[in-house]
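One structure below.
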Amino acid sequence: MAIIQKLDGSFYNRSDVLAIARELIGKVLITHFNGEYTSGRIVETEAYAGITDKASHAWNNRRTDRTEVMFGAPGNAYVYLCYGIHHLFNVVTNKPDIPHAVLIRALEPLDGIEFMKQRTGQVKEDRITSGPGKLAKAMGITTELSGHSLLGDKLYIADDGFRLSKKDIEANKRIGVDYAGKDALLPYRFILKGNSFVSR
DNA sequence: CAGTGGATCGTCT
DNA sequence: GACGATCCACTGG
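Using my numbering, the first residue of the first sequence is number 1489, and each one after it goes up by one.
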């Protein structure tokens, strides 16, 4: 059993959202509720750089009931419903009023794989967490958890000692944000190179 | 394979 | 009233 060190507030309360998105690759996302412990290694992330990033929901300082969590404390979850079906999980970063966030796009399943299969109805292990909508479902994350702190014991991210070098990570343009004009071309998506759980 | 269309509903205009 | 930071099934080649 590896030693698990939960990421604390100082990890999330930083101004460089790209560095955070990159550093989250290789960390472990954990949910633990209803007696069900599930975890997976983060292998794909995307950074959303606040009010100047046209791809972000917070672009142009858009403050609504939904986006308000991004303007709140770092280390909170921002979860929203996409296409009426999928719950997408983000981590809020930077200090309050700076609405940075990192979307978690894919995991390599570690613990509780049977729970993940139950939640998703999916039997093929390589398909349960290989996309942002799918991993939220597998981990039991819904919009009810939007605004919930990642510093508690129910939903959090940890370092389990897994180490990688900078060349194990590849930066690409983000997925599904064509509406963002030239911001759609920014290399704000990070993947663990060669990992089979990276989305499509 | 690539391409396409349907699902499904909260959020914002 | 329109539209997604998606996913899957189904088509045709």
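Using N, Cα and C, we set each Cβ at its ideal position, and we do this for glycine too.
Quick one: give me the first and last residue of the alpha helix (DSSP H) that residue i is part of.
{"i": "GLY1621", "result": "1620–1627"}
{"i": "VAL1505", "result": "1505–1512"}
I'd like the list of long-range same chain contacts for residue i, defined as Cβ closer than 7 Å, with 5 residues on each side in sequence excluded.
{"i": "ASN1548", "result": "ILE1539"}
{"i": "SER1637", "result": "GLY1563 and ASN1564"}
{"i": "ASP1647", "result": "GLN1493, LEU1495 and LYS1515"}
Would residue i and residue j be called neighbours here (beta carbons separated by less than 8 Å)?
{"i": "LEU1680", "j": "GLY1514", "result": "yes"}
{"i": "ASP1541", "j": "ASP1671", "result": "yes"}
{"i": "ALA1594", "j": "GLY1619", "result": "yes"}
{"i": "LEU1623", "j": "ILE1592", "result": "yes"}
{"i": "THR1467", "j": "PRO1597", "result": "This structure cannot speak to residue 1467, because the chain is shown only from 1489 to 1688."}
{"i": "THR1533", "j": "LEU1517", "result": "no"}
{"i": "GLY1600", "j": "THR1526", "result": "yes"}
By the 10 Å Cβ neighbour count, where 16 or more other Cβ atoms means buried, how is residue i classified, buried or exposed?
{"i": "GLU1602", "result": "exposed"}
{"i": "THR1552", "result": "exposed"}
{"i": "PHE1678", "result": "buried"}
{"i": "ILE1573", "result": "exposed"}
{"i": "TYR1676", "result": "buried"}
{"i": "LEU1633", "result": "buried"}
{"i": "VAL1590", "result": "buried"}
{"i": "PRO1587", "result": "buried"}
Would you mind giving the Cβ-Cβ distance between residue i and residue j, rounded to the nearest angstrom? I have them listed as a contact below 8 Å.
{"i": "HIS1520", "j": "LYS1625", "result": "About 17 Å separates the two Cβ atoms, so there is no contact after all."}
{"i": "THR1497", "j": "LEU1639", "result": "It is Gly, not Thr, that sits at residue 1497 in the sequence shown. Contact holds; Cβ gap of about 6 Å."}
{"i": "VAL1557", "j": "GLY1635", "result": "5 Å"}
{"i": "THR1630", "j": "HIS1545", "result": "About 18 Å separates the two Cβ atoms, so there is no contact after all."}
{"i": "TYR1447", "j": "VAL1579", "result": "Outside the shown range of the chain (1489 to 1688) lies residue 1447, about which nothing can therefore be said."}
What span of residues does the beta strand (DSSP E) with residue i cover, start to end?
{"i": "PHE1577", "result": "1574–1581"}
{"i": "TYR1676", "result": "That residue, TYR1676, is in no beta strand (DSSP E); it is neither H nor E in DSSP."}
{"i": "ARG1550", "result": "Where ARG1550 is concerned, there is no enclosing beta strand (DSSP E), given that its DSSP letter is neither H nor E."}
{"i": "SER1527", "result": "1524–1537"}
{"i": "PHE1650", "result": "Here PHE1650 belongs to no beta strand (DSSP E), and DSSP marks it neither H nor E."}
{"i": "ARG1593", "result": "1588–1599"}
To which residues of the same chain is residue i closer than 6 Å at the C-beta, ignoring the five residues directly before and after it?
{"i": "LEU1506", "result": "ALA1535"}
{"i": "ALA1463", "result": "The shown model of the chain, from 1489 to 1688, leaves out residue 1463, and the question about it has no answer."}
Got a sec? Which residues, its chain only, sit under 8 Å from residue i by beta carbon, not counting five neighbours each side?
{"i": "ILE1491", "result": "ASP1648 and GLY1649"}
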